[in-house]
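Below is one structure, written out as structure tokens; the observations come after it.
Numbering (this note's numbering), first residue to last: 31 to 107.
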């Protein structure tokens, strides 16, 4: 996977949101707090056929002060 990006509808305030992308033993993490697109780390995650893939979102520290819609996108290569 490449071009991994997270989009927040509004600035979250506080510590923002922590987003983790998992594939097998590989993890890519990023923290987002500004409105708009944020590229996560290097923006790439190694994915192998048969691996479990999932996305985990949690509040940053301190907790966000504004609710926001969080979406993500990626290119599967």
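Every residue gets a Cβ at the ideal spot worked out from N, C-alpha and C, and that includes glycine.
Determine the closest residue to residue i out of the options, with distance taken between C-alpha atoms.
i: residue 78; options: 52, 37 and 45; result: 52
i: residue 92; options: 42, 31 and 69; result: 42
For residue i, which beta-bridge partners are listed by DSSP?
i: residue 83; result: 53
i: residue 40; result: The partner list for residue 40 (beta bridge, DSSP) is empty, contrary to what the question assumes.
i: residue 62; result: 47
i: residue 69; result: 35
i: residue 88; result: 48
Quick check: residue i and residue j, are their CB atoms within less than 8 angstroms of each other?
i: residue 82; j: residue 65; result: no
i: residue 59; j: residue 71; result: yes
i: residue 40; j: residue 102; result: no
Which first and last residues belong to the beta strand (DSSP E) in which residue i is found?
i: residue 103; result: 100 to 105
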